[in-house]
Structure formats: structure tokens, C-alpha cells
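Chemist:
There are 2 protein chains.
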Amino acid sequence: MHILIIGAAGMVGRKLAQRLVADETLGGKTVDKLTLVDVVKPEPPAGYSGIVDARESDLSAAGEAKKLVAGRPDVIFHLAAIVSGEAELDFDKGYRINLDGTRYLFDAIRLAHNADGYKPRVVFTSSIAVVGAPLPFPIPDDFHLTPLTSYGTQKAICELLLSDYTRRGFFDGIGIRLPTICIRPGKPNKAASGFFSNILREPLVGQEAVLPVSEDVRHWHTSPRSAVGFLIHGATMDLDKVGPRRNLSMPGLSATVGEQIEALRRVAGDKAVALIRREPDEMIMKMVAGWAPGFEAKRARELGFTAETSFDEIIRVHIEDELGGKLP
Amino acid sequence: MHILIIGAAGMVGRKLAQRLVADETLGGKTVDKLTLVDVVKPEPPAGYSGIVDARESDLSAAGEAKKLVAGRPDVIFHLAAIVSGEAELDFDKGYRINLDGTRYLFDAIRLAHNADGYKPRVVFTSSIAVVGAPLPFPIPDDFHLTPLTSYGTQKAICELLLSDYTRRGFFDGIGIRLPTICIRPGKPNKAASGFFSNILREPLVGQEAVLPVSEDVRHWHTSPRSAVGFLIHGATMDLDKVGPRRNLSMPGLSATVGEQIEALRRVAGDKAVALIRREPDEMIMKMVAGWAPGFEAKRARELGFTAETSFDEIIRVHIEDELGGKLP
Numbered sequence: 005m006h007i008l009i010i011g012a013a014g015m016v017g018r019k020l021a022q023r024l025v026a027d028e029t030l031g032g033k034t035v036d037k038l039t040l041v042d043v044v045k046p047e048p049p050a051g052y053s054g055i056v057d058a059r060e061s062d063l064s065a066a067g068e069a070k071k072l073v074a075g076r077p078d079v080i081f082h083l084a085a086i087v088s089g090e091a092e093l094d095f096d097k098g099y100r101i102n103l104d105g106t107r108y109l110f111d112a113i114r115l116a117h118n119a120d121g122y123k124p125r126v127v128f129t130s131s132i133a134v135v136g137a138p139l140p141f142p143i144p145d146d147f148h149l150t151p152l153t154s155y156g157t158q159k160a161i162c163e164l165l166l167s168d169y170t171r172r173g174f175f176d177g178i179g180i181r182l183p184t185i186c187i188r189p190g191k192p193n194k195a196a197s198g199f200f201s202n203i204l205r206e207p208l209v210g211q212e213a214v215l216p217v218s219e220d221v222r223h224w225h226t227s228p229r230s231a232v233g234f235l236i237h238g239a240t241m242d243l244d245k246v247g248p249r250r251n252l253s254m255p256g257l258s259a260t261v262g263e264q265i266e267a268l269r270r271v272a273g274d275k276a277v278a279l280i281r282r283e284p285d286e287m288i289m290k291m292v293a294g295w296a297p298g299f300e301a302k303r304a305r306e307l308g309f310t311a312e313t314s315f316d317e318i319i320r321v322h323i324e325d326e327l328g329g330k331l332p
Numbered sequence: 005m006h007i008l009i010i011g012a013a014g015m016v017g018r019k020l021a022q023r024l025v026a027d028e029t030l031g032g033k034t035v036d037k038l039t040l041v042d043v044v045k046p047e048p049p050a051g052y053s054g055i056v057d058a059r060e061s062d063l064s065a066a067g068e069a070k071k072l073v074a075g076r077p078d079v080i081f082h083l084a085a086i087v088s089g090e091a092e093l094d095f096d097k098g099y100r101i102n103l104d105g106t107r108y109l110f111d112a113i114r115l116a117h118n119a120d121g122y123k124p125r126v127v128f129t130s131s132i133a134v135v136g137a138p139l140p141f142p143i144p145d146d147f148h149l150t151p152l153t154s155y156g157t158q159k160a161i162c163e164l165l166l167s168d169y170t171r172r173g174f175f176d177g178i179g180i181r182l183p184t185i186c187i188r189p190g191k192p193n194k195a196a197s198g199f200f201s202n203i204l205r206e207p208l209v210g211q212e213a214v215l216p217v218s219e220d221v222r223h224w225h226t227s228p229r230s231a232v233g234f235l236i237h238g239a240t241m242d243l244d245k246v247g248p249r250r251n252l253s254m255p256g257l258s259a260t261v262g263e264q265i266e267a268l269r270r271v272a273g274d275k276a277v278a279l280i281r282r283e284p285d286e287m288i289m290k291m292v293a294g295w296a297p298g299f300e301a302k303r304a305r306e307l308g309f310t311a312e313t314s315f316d317e318i319i320r321v322h323i324e325d326e327l328g329g330k331l332p
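Chains as they are written, first to last, in our numbering: chain A, 5 to 332; chain B, 5 to 332.
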């Protein structure tokens with residue numbers, strides 16, 4: 005089978021490609037071709053014996069979506085987006101990439117469907133940013149869409165398009181509302197949500213990290229490994245069971261920053277915890293106050309999506325997947 | 005003040021213009037100019053002493069939105085849309101008119117805002133079609149968006165855009181989720197929802213009407229007069245009280261078809277009721293089963309929106325506004 009990953013150079017995209025290569029199959033079928041696309045040319049995954057077509061492509065540019073669909077991939081993972089902060093700073097770019105790019109893709113599939121009956125599975129990554137404060141806790145599956153950012157608005161609109169294009173039979177779509185991914189591998193970055201990962205990842209390797217909010221802040225997390233698991237499950241599950249409501253809040257772990265820190269203490273000791281420097285940041289505290297504390301995710305759990313149930317587990321996943329299985 | 009009505013040739017648009025002419029003012033300010041726009045040139049309302057600019061314009065055509073915004077109207081009522089049935093039959097046309105047309109308008113306002121600080125009030129008519137079965141009764145204000153038609157999807161997307169453009173400060177928007185309008189004046193039409201009006205309007209003037217569903221079907225109604233009242237209130241109310249969640253399910257009357265018929269009996273007697281011919285239509289019954297039985301509309305009521313509280317009242321409004329105050 006032929007799999008297309010749009011946004012393949014990003015953290016989740018790279019891990020998804022690695023997982024597909026390691027599994028060799030998806031839903032029982034051999035993965036014999038991977039098309040990997042991003043605005044920078046993705047690295048082909050190591051150890052893959054099938055065909056890799058790695059391409060630089062901007063989905064929002066004229067004609068690009070048609071080219072991606074021309075190869076008639078069986079499964080399309082659409083992960084490409086510019087992030088929340090950038091979509092807020094650059095209004096035009098956010099709508100162009102996150103909304104128009106997605107609509108071009110969906111329409112290219114629709115036209116291919118109308119031409120020859122093509123009907124791929126489309127797995128789309130949405131976000132918990134489709135909701136914004138005030139929020140109940142836990143947020144039920146039937147809670148309305150209340151984004152407070154342009155990024156969240158764009159994701160919510162793409163969710164609605166995905167449901168409608170699916171209902172019309174142009175493709176078989178599923179929208180995966182990802183929790184905040186923790187622990188994000190790599191270097192600390194300036195994303196407002198970065199500290200949730202920084203305060204664990206850096207101390208685990210003996211580095212200092214800054215905590216800009218109070219310990220009672222509650223948020224909604226899942227590991228990179230679980231995020232990839234959601235995408236694989238979305239690509240292989242029986243979608244007839246999902247019905248017309250195709251966008252699902254994924255399961256995750258609702259935890260306070262204090263609970264994150266206690267998990268770090270259990271896994272890596274007081275010495276690691278001592279590396280967290282408290283440096284309150286009013287702007288970040290204000291932003292975080294509007295974020296989701298946690299979802300019920302009842303439908304997704306019933307449909308077989310699974311995630312970590314403790315922060316100890318999230319930290320161990322990081323140690324296994326990023327640190328070779330042991331602390332330095 | 006200068007008021008623009010897009011979709012001014014439609015039933016609600018015509019009644020809104022008539023109301024503005026009768027009132028002479030909006031929110032305490034004299035209405036000295038009306039720009040009336042539709043895909044067919046709207047009739048100027050009778051008895052108006054101000055300036056009327058009535059134009060044929062397709063909002064989804066290049067450059068049209070910019071022209072409409074060039075006159076810098078203080079209030080924009082955006083009522084234009086192709087209806088549910090047509091949007092379902094013609095996918096491209098539905099998205100072009102109902103989604104792209106609205107986005108062109110919003111973007112033309114945004115560019116004008118960026119150019120000179122222009123910031124009009126925008127009153128947008130959304131629809132109860134943003135939800136679809138299975139539905140609770142009554143549907144709470146925080147129920148999620150679950151459209152089961154392309155029309156409902158397009159309205160839901162425009163709601164999200166309206167909230168985001170308002171949040172960014174480009175205009176001050178309010179989305180009005182209209183109930184099904186009953187009694188629609190005019191001739192019976194082929195809309196699947198037409199019978200809700202037909203079974204009252206036709207018997208009131210001694211004509212036969214067809215009822216295609218059973219008497220226990222429950223739906224959500226408001227009169228044309230109340231619909232215009234919602235738009236006027238949306239154009240004049242203090243929007244700071246609304247906060248960032250700018251799309252409101254309007255109040256209405258939840259009633260079964262049987263309750264409609266009993267109201268007809270009270271107002272016009274058994275002879276009128278005898279003119280309703282039962283002719284079950286499986287297709288219409290199936291469609292109607294997915295429609296909204298009624299909304300809580302708590303926020304809208306608290307914000308001062310009001311509607312009829314009995315079907316007798318809805319029928320009397322029709323007699324006053326369409327039949328000169330008395331039955332023939």
C-alpha cells in the first residue's frame with residue numbers, strides 16, 4: 005500500500021514514518037511506498053526497503069494538492085500546519101496554510117473521486133485548541149467549538165470540512181484532536197506550551213529548566229508515542245463504527261504541573277527536581293489559563309484509542325524512545 | 005447611518021428593510037442610507053425618504069465584496085445564502101456562495117479595517133442546521149456543531165470565522181441562529197420544511213395543504229416578525245456583554261405538528277383543519293427525523309432576544325402581517 009504523509013518533516017511526522025517502517029505493514033497490508041512531503045524536504049526514514057518519494061511541497065501553492073493526489077495514495081496523513089503562535093502573528097499565512105491548504109487537499113481528493121472513484125482514508129490532526137475558556141472539566145465529547153485563537157478556528161473549520169467531505173463520500177476521514185504532546189523531544193523552544201516538556205526533558209539530562217506558571221496549572225497531555233498510536237489506529241480502525249461525527253477528542257492524561265514534578269521526582273530523584281527554576285511569566289500564565297484542563301474522551305476510548313495513565317509512564321516513554329532506555 | 009443588507013431580495017431581507025423604513029432609526033440613529041443587494045436587484049422599500057442604493061451583485065464574484073464595503077456601511081446584515089436543498093445538490097455552488105462569499109465579505113472588511121480603522125457591526129444569519137441528529141431536547145447552548153448537510157457545514161464554518169474576525173477586532177460580529185421560520189408567506193414551495201408553514205397558511209385562506217409527516221414530529225419555530233426582531237436586536241445590543249462566543253441559538257417555540265394543528269383549530273376552526281390532507285412521504289419523514297426539536301437558547305434570552313410563546317401567537321402574527329388583520 006501507498007501512504008502519503010503531509011507534514012512529514014515535523015516531529016510527529018518523522019515518528020509516524022519511523023513507526024510505519026518498523027511495522028512494515030499498516031492494517032495487515034505491506035507498506036510498499038511512502039510519499040513524504042513537507043515545506044522542507046523530509047529525511048527518508050532509515051532501514052526502509054520500500055519506495056520513498058520525499059518531496060518539498062507547499063500544500064497551499066497552486067496545483068500542489070493535485071500532484072500529491074495524482075499518485076492515488078491509499079492512506080493520507082495530513083499533519084501539516086503552522087503552529088498556533090505563528091498563525092496568530094501572521095493572519096494571512098495561518099488561513100492560507102492551515103485552512104486553504106487543507107481545503108485544496110480535500111478538493112483535490114474530491115475531484116479525483118469524481119474522476120475515477122478514488123476514495124482514500126484521510127487522517128487529519130486537529131487540536132485541543134478547538135476549545136477555549138471558560139471550559140468545564142472534564143470537557144465532554146459534545147462540548148461546542150469555542151476556539152480563542154486563529155489556529156484553533158482553522159482546525160475547527162477543517163474538522164467540519166472533513167466531516168462533510170466524508171459524509172458526501174469523497175473520502176473516508178477521521179479527525180484526531182491531539183492533546184499537548186509531552187515530552188516533546190529536542191531543544192527548548194519559545195512556544196508558550198514548551199515548559200510542560202522543558203521541566204521534565206531538561207532535568208532528566210542534568211540541565212536547568214524554567215517553570216513560568218504555578219504548580220496548580222492543570223493541562224492535557226499525551227506522549228509522542230501515543231500520538232503516533234492514535235494516527236495508526238485512525239488509519240486502520242473500522243470507521244463505520246464512528247458514524248458521521250468524525251472528529252474525536254483523543255484520550256490523554258490530565259495532570260497539574262505539581263503532579264508532573266512529583267513524577268519526575270519518582271523517576272529521577274530530588275536532584276532532577278532541583279533543576280527546575282521558578283520564574284513566573286504573567287503573559288504565559290494568562291494564556292495557559294484559557295487552555296483545556298482535560299477531556300472526557302469517552303467516544304475515543306470506546307473506539308479503542310489508548311494513552312498513558314500516569315506521568316511516570318510518560319517520562320518512561322521518553323527515556324525509552326529518546327534516551328536509549330536509561331538516564332545519563 | 006448607512007445600512008447594508010446583503011440578501012435583501014429574500015423574504016427576511018425584504019421584511020428587515022420594511023421594518024427599518026417604518027422605524028426610521030436603528031439604535032437611536034436615523035437611517036439615512038440603505039444599500040440593498042442581492043443576486044436579483046431588490047425592490048426599494050415603499051415610503052422611504054432616505055437614499056436607497058439597490059444593486060444586483062453576487063458576493064462570490066471577484067471584487068464584489070470590496071465594492072460593497074467601499075461605502076463603509078455602519079451596519080452590515082449578511083443574510084445571503086443558497087438554501088439547504090440547493091447546497092446539497094450543487095456542492096460547488098454551495099461552498100462558493102455560502103462559504104467563499106461570506107469569507108470574501110469578511111476579508112474585504114478586514115482589509116478596510118487595516119486601511120483606515122473601519123469597524124462595522126456585522127449581523128450574520130446562521131441556522132439551526134449547524135446541528136444534526138442525534139440531538140438532546142432541549143439542545144443546550146454549549147452543544148457541539150454536528151451538521152448533517154453541506155449547508156449546515158457552511159453556516160457552522162462562517163460562525164467560526166465570524167467569531168475569529170471579531171476576536172481579532174476587524175469588525176463587531178454577531179451570528180443569529182434562526183429557527184425555522186413559520187408561517188413563511190407566499191406560495192407553497194418544495195423545500196422539505198415547507199409543510200410546517202403550508203398546513204397553516206393555506207387552510208387560513210380556505211386552501212388545501214398536504215401534511216407529509218406524523219403529528220408527533222417536534223420542531224423549532226419562530227415568526228418572520230420575530231426573525232426580523234432578532235436581527236434588529238443583534239444590530240443594536242451591547243455586544244461587549246456577549247463575549248467571545250458570538251453565535252447564539254435564538255429563542256423560538258418548540259411544538260409538535262399536532263400542537264400546530266390544534267392552534268389552527270382555535271384560531272380558524274374545524275373547517276380550516278379539515279383542509280389538511282395527510283399524505284405521508286417517507287423521504288421527508290426521514291429528513292425531518294434529523295432536525296432540531298428545540299433549543300434551550302438560555303444565553304440569547306438572557307441577552308434580550310424574544311420570540312412567540314404559543315402557536316396561536318405565531319398564527320396571529322401571520323394574520324396581522326400578511327392578511328391585513330383578519331381571516332377572509
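Beta carbons are placed, not taken as given, at the ideal position from N, Cα and C, and that holds for glycine.
As the structure is a prediction and not an experimental result, all values here were calculated from the model.
1) Please list the terminal residues of the continuous alpha helix (DSSP H) segment that includes residue 96 of chain A.
2) Just the C-alpha distance for residue 63 of chain B and residue 105 of chain B, rounded to the nearest angstrom, thanks.
3) For a contact defined as C-beta to C-beta under 7 angstroms, what are the partners of residue 65 of chain B on chain A?
4) Assuming residue 145 of chain A and residue 303 of chain A form a contact by the criterion Cβ under 8 angstroms, report the distance between their Cβ atoms to the nearest whole angstrom.
5) Among residues of its own chain, excluding the 5 on either side of residue 114 of chain B, which ones have a beta-carbon nearer than 7 angstroms to its beta-carbon?
6) For residue 148 of chain A, name the three-state secondary structure that DSSP assigns.
7) Which value, in whole angstroms, describes the spacing of the CA atoms of residue 280 of chain A and residue 133 of chain A?
8) Should the segment 11–21 of chain B be regarded as contacting the segment 227–245 of chain B, the criterion being three or more beta carbon pairs within less than 8 angstroms?
9) Output the residue ranges of the beta strand (DSSP E) runs that lie fully inside the segment 119–188 of chain A and measure 3 residues or longer, sorted by chain position.
10) Does DSSP classify residue 267 of chain B as helix, strand or coil?
11) Any Cβ of chain A within less than 8 angstroms of the Cβ of residue 154 of chain B?
12) Can you name the residues of chain B whose CB is closer than 9 angstroms to the CB of residue 82 of chain A?
13) Going along chain B, which residues have a C-beta under 8 angstroms from residue 157 of chain A?
14) Check this for me: beta carbons of residue 70 of chain B and residue 60 of chain B, under 8 angstroms apart or not?
15) If the cut is a Cβ gap below 7 angstroms, which residues of chain B does residue 303 of chain A touch?
16) Output, in sequence order along the chain, the residues in the segment 84–102 of chain A whose CB is closer than 8 angstroms to any CB in chain B.
17) Look at the alpha carbon of residue 7 of chain B and the alpha carbon of residue 77 of chain B, and state the distance between them as a whole number of angstroms.
18) Do we get a CB-CB distance below 8 angstroms when we pair residue 128 of chain A with the residues of chain B?
19) Of all the CB atoms in chain B, is at least one closer than 8 angstroms to the CB of residue 268 of chain A?
20) So with CB distances below 7 angstroms, who are the chain A contacts of residue 146 of chain B?
21) Quick one: Cα of residue 310 of chain A to Cα of residue 241 of chain A, how far?
22) If you reduce the DSSP assignment to three classes, tell me which class residue 299 of chain A lands in.
23) At a Cβ threshold of 8 angstroms, is residue 180 of chain A touching chain B?
24) Kindly indicate which residue of A/178, A/203, A/38 has the alpha-carbon position closest to the one of residue 244 of chain A.
25) Any heavy atom of the ligand GDP closer than 7 angstroms to the Cβ of residue 145 of chain A?
26) So the beta strand (DSSP E) residue 331 of chain A belongs to, where does it begin and stop?
27) Excluding five sequence neighbours on each side, which residues of the same chain lie with their C-beta closer than 7 angstroms to the C-beta of residue 270 of chain B?
28) Who are the near neighbours of residue 119 of chain B in its chain, counting only those whose CB is closer than 6 angstroms to its CB and skipping five residues on each side?
29) Within 10 Å of its beta-carbon, does residue 93 of chain A have 16 or more other beta-carbons around it, so buried, or fewer, so exposed?
30) Helix, strand or coil for residue 191 of chain A per DSSP?
31) Spell out whether any CB of chain A is found under 8 angstroms from the CB atom of residue 249 of chain B.
32) Can you give me the Cβ contacts of residue 154 of chain A inside the same chain, cut-off strictly under 6 angstroms, excluding the 5 residues immediately before and after it?
33) Taking 7 angstroms as the limit between beta carbons, can you name the residues of its chain near residue 229 of chain B, skipping five residues before and five after?
34) Would you mind working out which of B/227, B/166, B/213, B/151 sits nearest residue 255 of chain B, comparing C-alpha positions?
35) Does chain A have any CB closer than 8 angstroms to the CB of residue 18 of chain B?
36) Under a CB-based cut-off of 8 angstroms, is residue 132 of chain B close to chain A?
Modeler: By the coordinates alone:
1) 95–98
2) 5 angstroms
3) Here the premise fails: no neighbours, minimum Cβ distance about 19 angstroms.
4) 5 angstroms
5) 169, 174
6) coil
7) 27 angstroms
8) yes
9) 125–131, 176–182
10) helix
11) yes
12) None at all; the shortest Cβ gap to chain B is about 18 angstroms.
13) 164, 165, 167, 168
14) no
15) Correct list: empty, because the minimum Cβ distance to chain B is about 11 angstroms.
16) 95
17) 5 angstroms
18) no
19) no
20) 147, 148
21) 13 angstroms
22) strand
23) no
24) A/178
25) Questions concerning the ligand GDP fall outside what the structure shown contains, since it holds no ligand whatsoever.
26) No beta strand (DSSP E) holds residue 331 of chain A; DSSP gives it neither H nor E.
27) 316
28) none
29) exposed
30) coil
31) yes
32) 91, 92, 98
33) 321, 325
34) B/227
35) no
36) no
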